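See structure below.
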Amino acid sequence: MLPILFGMLTSLCFAIASLLAQRGYSVAAAPWGAWITIGMNTVVLFSAHFILHSDTRWFVADNLIFVAVGLFVPGVTRVLSFRGIRALGSSITSTIVNTTPMFSTVLAVLILSERPAPLVWLGVLLTVGGLITVSRGGEKISYNRIELVYPFLCALLFSMKDIAVRWGLGGGGGQPILAAAIAALTSTIEIYCITRFIHREQFIFPPPRVAAWFVGSGIFTGGSFLFMYLAYSMERVSIVAPLVNSYTVFVSILTPFMARHIESITPRKLAGAALVVAGIFAVSLGKD
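Using my numbering, you'd call the opening residue of the sequence shown number 1236 and step up by one each time.
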């Protein structure tokens, strides 16, 4: 049950991190907010690793996997997601991205030779259905169908991240927290380069009242990375992926307490949350 707990804690921490960042952006414009969040995430993870481990295996070939993970998530996925939102709207984009657990499970079967039980497949379907229910909105927008490639690529990269992390840690000999820290450090460098040289933003640290929200977001992002990598080091993708990708539901649950003035709860979101809970329960029962 420990991997299931870690998977749910991953989503919970990421939901809190997302809401804290949302609060920060609602206070003032912060072009460097994402960089502060990922940078703080890196500090948390390296600190946790050095506190818990006396040895550090830096020069191991498997660490290159986590450098690659850090390059694609969240760097490339962030670009694809924003491009999708601009072309298709947030509702369509988030609906497609929330199919990630299904992509992850199918790829786990094809690449890692996992054989999920029927209850696990049912849980994945319920989870994806719940996430789509939560994310669907009423916005109407015209778009070119070719632009659907952006959110689908985003979902595919998220699912490949799940496969890569499990592949790198599945043997049991890796250091999950160090792996997460390496990915986070890579993302920190990449997001700095994207913000500074592509978006051409001058480096200006936001005022303390704004930066505090992103620092808090980074701490909880660190927690989400830590729990996710621990979960994947212990259990299969088909079990963990539906759990770590369910943060949208936790956002809906926590919104009344953390961001009521930014986002509202609706019966549709509650129904979606119920489907995800049922999916998680099915995955738990279907675990060998």
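C-beta: ideal position from N, C-alpha, C; glycine also. Every value quoted in this text rests on a predicted model; they were computed, and no experiment measured them.
- Rounded to the nearest angstrom, the gap between the Cα atoms of L1383 and R1435 is 28 Å.
- Taken in chain order, the unbroken stretches of alpha helix (DSSP H) that lie wholly in the stretch 1462 to 1519 and span 4 residues or more are 1472 to 1479 and 1482 to 1493.
- F1249 counts as buried, since at least 16 other C-beta atoms from the protein chains shown sit within 10 angstroms of its C-beta.
- For I1327, same chain residues with a beta-carbon under 6 Å away, outside a window of 5 residues either side, do not exist.
- With contacts defined as CB atoms closer than 9 Å, F1462 and F1241 qualify as a contacting pair.
- Counting of Cβ neighbours within 10 angstroms places C1428 among the exposed residues, the total staying below 16.
- Between R1471 and A1343, the C-beta gap is smaller than 9 Å, which places the two residues in contact.
- Looking from the CA of I1412, the closest CA among A1352, W1267, S1246 and L1465 belongs to L1465.
- In this structure D1290 is exposed. Its beta-carbon is surrounded by fewer than 16 other beta-carbon atoms within 10 angstroms.
- When DSSP states are grouped into helix, strand and coil, I1439 belongs to the coil group.
- If you ignore the 5 residues before and after Y1378, its C-beta comes within less than 7 Å of the C-beta of A1322 and L1323, all in its own chain and listed in chain order.
- Where W1270 is concerned, the enclosing alpha helix (DSSP H) starts and stops at G1268 to L1287.
- Comparing alpha carbon positions, the residue from F1338, S1348 and T1483 closest to F1387 is F1338.
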